[in-house]
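Peer 1: Mapped onto our numbering, the consecutive letters of the sequence shown carry residue numbers 22 to 425. Where a beta carbon is used, it is the ideal one built from N, C-alpha and C, also for glycine. The model shown is predicted, which means the values in this text are computed figures rather than measured ones.
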Amino acid sequence: MNAPAAHGVLASNVMHFARLLRRAGLPVGPGEVVAAATALAHVDITDRRVMHAALRAVMLRRHEHAALFDQAFSVFWRNPEAATFEALLAQMDGRAPSQERAPPGARRLAEAMATAKPRDRPPTPDQPQQIDAILTASGQERLETLDFEAMSAAEIAETKAEIGRLSLPLDERRTRRFRVAARGSRVDLKRTMREALRHSGEIFDITRRVPVTKPPPLVVLCDISGSMARYAQILLHFLHAVANDRDRVTVFLFGTRLTNITRQLARRDPEIAFAHVASLVPDWSGGTRIGEALGEFNRLWSRRVLAQGAVVLLVTDGLDRDGAVGLAENMARLHRSARRVIWLNPLLRYDGFAPKSQGARAMLPYVDEFRPVHNLASLRGLVTALSSAAPPRLQAAALWEGRT
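What follows is the structure, encoded as structure tokens:
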């Protein structure tokens, strides 16, 4: 093969490699493709390590995408033929239980490889695109009301995509700080006098100010016991979207122990974030000690994260393995420390549900609201509730009587 032909093949492979990265979720655009082709023209492409370093330097934007990029490079440049992509990634994703766990993003890369084609052509004029919109609306309505526990893998994927598009504009609260405003309700005397000193003491304008408003902190305590595993798995996508969209969001998981995962959820890539969460949480799908977990939260974290009128979301079904030991006392302290405690319970989807367990009876007097959290519609209702002004704090017994 002559040099120009070889150069053309290399540029084509770089373009297909960039398309693969985009399918896997990495932000790779035309600028990165041009930079990659230019970089490979100045390095020895027969040296695999040099080629990898060159492409990594110009195509990778975030450090958290490095693991996924390395996987894609290893598989694509080993054999760039599309016919072998699926077989290669099947070994990476379909591992035996005794094998090493696939790195974050392996499943997404496998799907990108399986759908990759040697060439991506737009439809020709004699083959117009056809969009089948039959039953689209009814399918969306069904997805809104379908229980998380009854969803198939494809429905869960659609639900996660919908959750990623949810926004959470918490109701803003007035703080003690002020900012300058043209039509403020108060006169800023200090700033007015400082401005006057610049003009030999003459006051030409009166500076005004208004109070600064900001949403309150949001603290989430999510149960990951066996009875809550499926709901917690999907709710993590909602919490990841919220944590990456707002400031002052703190997330804890609890089963038999309490784990703070706020730092892990701060990663933009959800698969990488959840991989870090999985490595940090050893008690997933185990038992539940709600009272012990809340006691640890009150001792170690409440003063740090419950300041400035924090809103607490307590996600649990109220089934406590320890028989609600210490739960009432710790719930009472949590209720006193927070401005608003909302209990999210998937069992509320049943019309005949009653708080008969010891844990539920111990928690009920110390919550301001209780809401179901079992489908997309319930999550949208939660977003609406958090976006509106908080109702007055009432006794939970009265709330329950009003519900029943």
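1. Between ARG219, THR234 and LEU260, which has its C-alpha nearest LEU242's C-alpha?
2. Determine the DSSP secondary structure at ARG360, reduced to helix, strand or coil.
3. Here's the rule I'm using: 16 or more other beta-carbon atoms within 10 Å means buried, otherwise exposed. How should PRO118 be labelled?
4. Have a look at THR234, THR213, SER300 and GLN92 and flag the residue whose alpha-carbon is nearest the alpha-carbon of PHE225.
5. Does DSSP classify LEU187 as helix, strand or coil?
6. Are the beta-carbon atoms of GLY185 and HIS73 separated by less than 9 angstroms?
7. Cutting at 6 angstroms between CB atoms, please list the residues of its own chain near ARG370, excluding the five before and the five after it.
8. By DSSP, does ASP91 sit in helix, in strand, or in coil?
9. Does the count of Cβ pairs from the region 275-284 and the region 306-321 closer than 8 angstroms reach three?
10. Please state the DSSP three-state secondary structure of VAL201.
11. Quick check on LEU301: buried or exposed, where buried means 16 or more other Cβ atoms within 10 Å of its Cβ?
12. Using CA atoms only, rank isn't needed, just tell me which of TRP364, GLY347, HIS37 and VAL332 is closest to ASP338.
13. Going by beta-carbon coordinates alone, are LEU340 and THR309 separated by less than 9 angstroms?
14. Taking only the alpha-carbon atoms, compute the straight-line gap between THR271 and ALA299 and give it to the nearest angstrom.
15. Are the CB atoms of LEU41 and ARG82 within a distance shorter than 9 angstroms?
16. How long is the line joining the alpha carbons of THR405 and VAL263, rounded to whole angstroms?
Peer 2: Inspection of the coordinates gives the following:
1. LEU260
2. coil
3. Confidence is the limiting factor: at PRO118 the pLDDT is only 41, short of 50, which leaves the residue's position unreliable and the question unanswerable from this model.
4. THR213
5. coil
6. no
7. PRO393 and HIS395
8. helix
9. yes
10. strand
11. exposed
12. TRP364
13. yes
14. 17 angstroms
15. no
16. 14 angstroms
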